[in-house]
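Residue numbers (our numbering): 207 to 324.
Each residue gets a CB set at the ideal place from its N, CA and C atoms; glycine is no exception.
Only one structure is covered here, and it is reproduced in the block below.
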Amino acid sequence: MDPLPIMLYRGVASLSRHHLEAQSQGTCTPKGGDAGDGFPNRHTSGATDTSRFTSWTATRSVACGYARSSPTGQGVVLEIRFAHEVASKNMYYMQGERLGEDEWLIEGTIRGVRVTAM
Numbered sequence: 207m208d209p210l211p212i213m214l215y216r217g218v219a220s221l222s223r224h225h226l227e228a229q230s231q232g233t234c235t236p237k238g239g240d241a242g243d244g245f246p247n248r249h250t251s252g253a254t255d256t257s258r259f260t261s262w263t264a265t266r267s268v269a270c271g272y273a274r275s276s277p278t279g280q281g282v283v284l285e286i287r288f289a290h291e292v293a294s295k296n297m298y299y300m301q302g303e304r305l306g307e308d309e310w311l312i313e314g315t316i317r318g319v320r321v322t323a324m
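This is the structure:
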């Protein structure tokens with residue numbers, strides 16, 4: 207079994223509510239909230255509005271691409287120390303190679319998120 211990555215990143219465009227939440231509170235909450243849909247495959251298929259998962263990657267450049275995907279080209283990269291601070295508290299799923307990235311789904315709200323503006 208491969209070791210868990212130490213750092214995970216999430217790119218968030220400036221028009222997303224996740225952008226404001228992370229900037230002001232240092233948290234990342236799934237669109238469906240903590241009581242949302244608990245089916246990882248539905249999230250991966252695009253049903254993120256009702257999901258209790260957020261998508262992360264171990265590749266910072268992939269997260270930067272998502273952060274810059276808004277019409278303004280601005281956003282933030284969220285960063286967490288996954289192996290030490292999150293994996294022991296939150297359910298997670300490694301989705302494998304999808305669209306050329308390693309996608310990790312993490313269940314529930316994550317606190318202590320580091321935010322870097324792009």
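Along the alpha helix (DSSP H) that carries residue i, what are the first and last residues, could you check?
| i | result |
| --- | --- |
| T250 | 246–250 |
| G217 | Not the alpha helix (DSSP H): G217 falls in the beta strand (DSSP E), residues 213–219. |
Output the distance between the C-alpha atoms of residue i and residue j, rounded to the nearest integer angstrom.
| i | j | result |
| --- | --- | --- |
| S276 | L221 | 7 Å |
| M300 | A241 | 21 Å |
| R287 | M213 | 5 Å |
| G232 | G252 | 25 Å |
| C270 | W262 | 12 Å |
| M207 | V268 | Legend: pLDDT at M207 = 47, less than 50; position of this residue unreliable, no value from coordinates given. |
| F245 | T315 | 16 Å |
| E291 | Y272 | 24 Å |
| T254 | N296 | 18 Å |
| S230 | A293 | 24 Å |
| P209 | V319 | 22 Å |
Leaving out five residues on either side along the sequence, give the residues of the same chain with a beta carbon under 6 Å from the beta carbon of residue i.
| i | result |
| --- | --- |
| T260 | C234, P236, I312 |
| G238 | T256, S257, R258 |
In this structure, what does DSSP give as the bridge partners for residue i?
| i | result |
| --- | --- |
| Y298 | I312 |
| G281 | A219 |
Using a Cβ-Cβ cut-off of 8 Å (strictly less than) and excluding sequence neighbours within five positions of residue i, which residues of its own chain qualify?
| i | result |
| --- | --- |
| R274 | G217, A219, Q280, G281, M324 |
| E227 | T233, C234, T235 |
| H249 | D243, S257, F259, S261, L311 |
Examine chain D for any beta-carbon lying closer than 8 Å to the beta-carbon of residue i, and answer yes or no.
| i | result |
| --- | --- |
| L311 | Checking the listed chains, one finds no chain D in this structure; it contains a single protein chain. |
Counting along the chain, where does the beta strand (DSSP E) carrying residue i start and finish?
| i | result |
| --- | --- |
| V321 | 320–323 |
| S261 | 259–263 |
Within the present structure, is the beta-carbon of residue i separated from the nearest heavy atom of the ligand ADP by less than 7 Å?
| i | result |
| --- | --- |
| L311 | Ligands are entirely absent from the displayed structure, and the ligand ADP is therefore not among its contents. |
Taking 7 Å as the limit between beta carbons, can you name the residues of its chain near residue i, skipping five residues before and five after?
| i | result |
| --- | --- |
| R317 | G232, T233 |
Worksheet item: How about the segment 214–222 and the segment 270–287: do they share at least three Cβ pairs that are nearer than 8 Å?
Response: Yes: at least three Cβ pairs fall under 8 Å.
Worksheet entry | Three-pair Cβ contact test at 8 Å for the segment 310–324 versus the segment 270–281 | yes
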